[in-house]
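Reading through the structure tokens given below for one structure.
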Amino acid sequence: MDISIRAITPQCSADIEASASTSTFWEFPAGYGNGHQSSDDPSFDKQIWLQKVLMEWGICGYTAFVGTGDAGTRKVPAATVFFAPARYMQGIEKLPTAPISPDAILLSTVHVALPYMGLYLEHQLIDTVITEAHRRGIKAIESFARVEELDEELMHQLEGAGAFEARDLSASNPVDDTAVEKAPKEHSALESLKYVPESYRGWEAGTETPDPDEDVLDYAPMLSEDILEAEGFKVVRNHSTFPRYRLEIGGSHSLFGDFAEEDHVQVNGPERLSTVIGGKQASRPVGNLLMRKLFL
């Protein structure tokens with residue numbers, strides 16, 4: 001398996017994970033559009049948002065590309081992460097534990113394509129964001145998590161191969177066959193959960209409900225507590241369902257790995273994008289002609 005991570009730039013802004021290209025929960029405020037989509041063309045809305053942030057603030061996302069390593073094959077965008085200051089993430093206002101701290105940027109979520117779950121791409125991407133935030137002098141990263149139910153029981157089921165085998169009721173106390181047939185079927189915790197993509201546990205496919213506001217939060221693309229805590233994030237505002245986490249930059253974080261400076265420069269690509277250092281616009285040269293043509 002061949003995995004590489006690249007910054008999202010104006011030239012490759014369309015080359016991101018499929019669900020990330022149409023998800024606009026974090027980018028637009030509550031009440032913008034209908035249901036789960038911000039407009040009739042969420043892909044267009046996402047591209048406009050992405051180009052705006054790239055021009056004004058700089059690098060705001062990374063994509064992990066995965067390939068087989070075989071000759072002649074092409075790597076595909078398997079996972080994408082987005083991050084930016086709160087002013088670019090207006091969807092924050094939908095969360096009960098908002099807003100984030102003024103000295104922090106928001107890590108919205110990591111979109112991972114289903115075939116590539118289990119490769120720890122979310123951790124690699126978050127580590128890349130942490131390295132970039134440190135390079136730019138950002139003080140902290142904050143993120144919102146969704147509290148998942150039945151985590152402990154789910155882990156027991158996933159780890160214990162035969163722990164939940166059907167019991168033989170006839171071994172000790174024989175029961176009437178008709179009574180057994182009429183008894184309601186008991187579902188395990190794993191069977192009761194609608195959508196649990198391995199350790200990632202992100203979100204379910206959207207469904208229509210009478211309450212669109214509740215539906216948006218229930219199915220919003222959001223990280224799990226496990227992922228954020230593994231990366232060293234700590235709870236700064238508790239909530240039964242949507243706690244807010246924070247990571248102080250410069251401190252210790254996960255053991256999934258840090259990028260060396262030269263490696264991170266390669267990840268960001270050769271483009272000299274305008275960026276922000278310590279919350280102020282830096283005087284780095286902008287060598288991106290496409291951005292100039294689009295917005296000037």
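Numbering (the numbering used here), first residue to last: 1 to 296.
Using N, Cα and C, we set each Cβ at its ideal position, and we do this for glycine too.
Values in this document were obtained by computation on a predicted structure and should not be read as measured data.
| Item | Value |
| --- | --- |
| Terminal residues of the beta strand (DSSP E) in which E231 lies | Element bounds for E231: n/a, residue is neither H nor E. |
| Unbroken beta strand (DSSP E) run spanning H111, endpoints | 104 to 112 |
| Nearest residue (CA-CA) to I8, options A71, P29, P77 | P77 |
| Beta-carbon separation (whole angstroms), V112 vs L121, contact threshold 8 Å | 6 Å |
| Outcome for A205 when other beta-carbon atoms lying within 10 angstroms are tallied against a minimum of 16 | The predicted model places A205 with a pLDDT of 41, which falls under 50 and marks its position as unreliable; any figure quoted below should be read in that light. By the 10 Å Cβ count, A205 comes out exposed. |
| Nearest-angstrom Cα separation, counted from L106 out to R244 | 10 Å |
| Simplified DSSP assignment, three categories, for D2 | strand |
| Helix, strand or coil at G67 [DSSP, three-state] | strand |
| Same chain only: Cβ atoms within 8 Å of S101, ignoring 5 sequence neighbours per side | A140, E142, V236, R246 |
| Given L228 as reference, the closest of D127, I16, T97 once Cα atoms are compared | D127 |
| Heavy atom of the ligand MN within 8 Å of V112 beta-carbon | Here there are no bound small molecules, and the ligand MN is not part of this structure. |
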